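The structure appears right after this line, and notes come after that.
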Amino acid sequence: MATKWIPTAHKGLRYYEHPTRRHGKKKDRYYAVRFRCDKELYEYGVGWWSDDIPEEARRNDPDMGFEEYVALLSLHCGLRFGEISTLTWSCINPAAGTLAILNAKTGSRTAYLTGRAKEMLQARKRAAEKAKERDGKEVSPDELIFPKRTQITGGAMAQASKSFPRVVEELGLNRGITDRKQRVTFHRLRHSFATLLYESAHDLYLTQRSLGHATGAMTARYAKMSESRLREGAAALEKAFAANAAKQAEQEQAEQVVNFTK
């Protein structure tokens, strides 16, 4: 059966509906853009879109927001991708708000959850439990929180989803950047966590322990001053100079003796 494309109100933008799949109130749609250039017809796929996804569907579908959840955990807890991919439900301590990071690159450690990260894991647990209930099963403590999403092989993910670099490209975050160290990658989320943590706490040892670095030398690069902090320092120095100059002027004025009598 031939694909039935449906035009939209925007010139060149059209879509077709998935015959069965539905996450929202309408069937999932695949959008594409068609245009002509030098008399040649081009078409680029935009991707799948689900309209009006109810919150209940997000809670019940364990794969809903999968890539967003993985990225959020790296940004909020400073985890490497390899550490996230091997997390099991037994690693979570809900009461303490912690994650047990086992067999990491530099050994095991404890990661502390932000409120948002904790809510995300709770939502994912509820969704996983409901998915298991439909099959008459229960979630095992040894099951991966973020398993590979292929029914053939399963197991732990070997690399981050391709969705992350695709979104980075669409947003133009790496446009014009040639230095590999400056390009936005998934691992940059961990760097952002470290930089924000140090700028907030100004505690190098705290940052080291949170990242799981073996030595302080590995963490020292995050102790760089941000532009805003440098501006604050310059402003404070300027105030100090002005206060010192005013004090000196007052002293000089007091030392002057003016005799107006004859």
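So that you can map any letter, position 261 of the sequence shown is 261 in my numbering, and since no number is skipped, the others follow by simple counting.
Heads up, the beta-carbon is just placed ideally off N, CA and C, and yes, glycines get one too.
Keep in mind that this is a model prediction, so the values were computed, not measured.
Distance between beta carbons of residue j and residue i, contact taken as under 8 angstroms
i	j	result
Phe146	Leu87	7 angstroms
Ser85	Ala156	5 angstroms
Ala128	Val139	5 angstroms
Ala235	Leu204	Actually they do not touch by this definition, with Cβ atoms about 24 angstroms apart.
Leu211	Ala194	6 angstroms
Leu79	Arg190	7 angstroms
Leu99	Leu113	6 angstroms
Met120	Leu196	Rounded, the Cβ-Cβ distance is 18 angstroms, inconsistent with contact.
Cβ neighbours of residue i in the same chain (closer than 6 angstroms, five flanking residues each side left out)
i	result
Gly107	none
Lys118	Gly97
Trp5	Arg14, Tyr16
Asn244	none
Leu41	none
According to DSSP, residues forming a beta bridge with residue i
i	result
Pro19	Paired residue(s): none; Pro19 is not in a bridge.
Leu13	Val33
Glu88	Note on identity: in this sequence residue 88 is Thr, with Glu being the wrong assignment. Beta-bridge pairing links Thr88 to Leu144.
Buried versus exposed, by CB contacts within 10 Å (16 or more), residue i
i	result
Thr207	buried
Thr219	buried
His76	buried
Phe241	exposed
Glu252	exposed
Ala160	buried
Pro62	Note that Pro62 scores a pLDDT of 49, beneath 50, so its modelled location is shaky; the value from the coordinates is reported in the next line. By the 10 Å Cβ count, Pro62 comes out buried.
Arg209	exposed
Residue i at chain C interface by Cβ criterion, 8 angstroms
i	result
Gly136	Here chain C cannot be found, since the structure has a single protein chain.
Contact test: residue i Cβ vs the ligand ZN heavy atom, cutoff 7 angstroms
i	result
Glu68	In terms of ligand content, the structure shown is empty, and the ligand ZN therefore cannot be addressed.
Same chain only: Cβ atoms within 8 angstroms of residue i, ignoring 5 sequence neighbours per side
i	result
Arg116	Leu72, His76
Lys183	It should be noted that the sequence gives Arg, not Lys, for residue 183. Asn174, Ile177, listed in sequence order.
Asn93	Leu99, Ala100
Contiguous beta strand (DSSP E) assignments of at least 3 residues, all confined to the region 163 to 222: Qualifying beta strand (DSSP E) stretches: none in this window.
Ranges of the alpha helix (DSSP H) found wholly within the region 92 to 160, counting only runs of at least 4: You should have 115 to 134.
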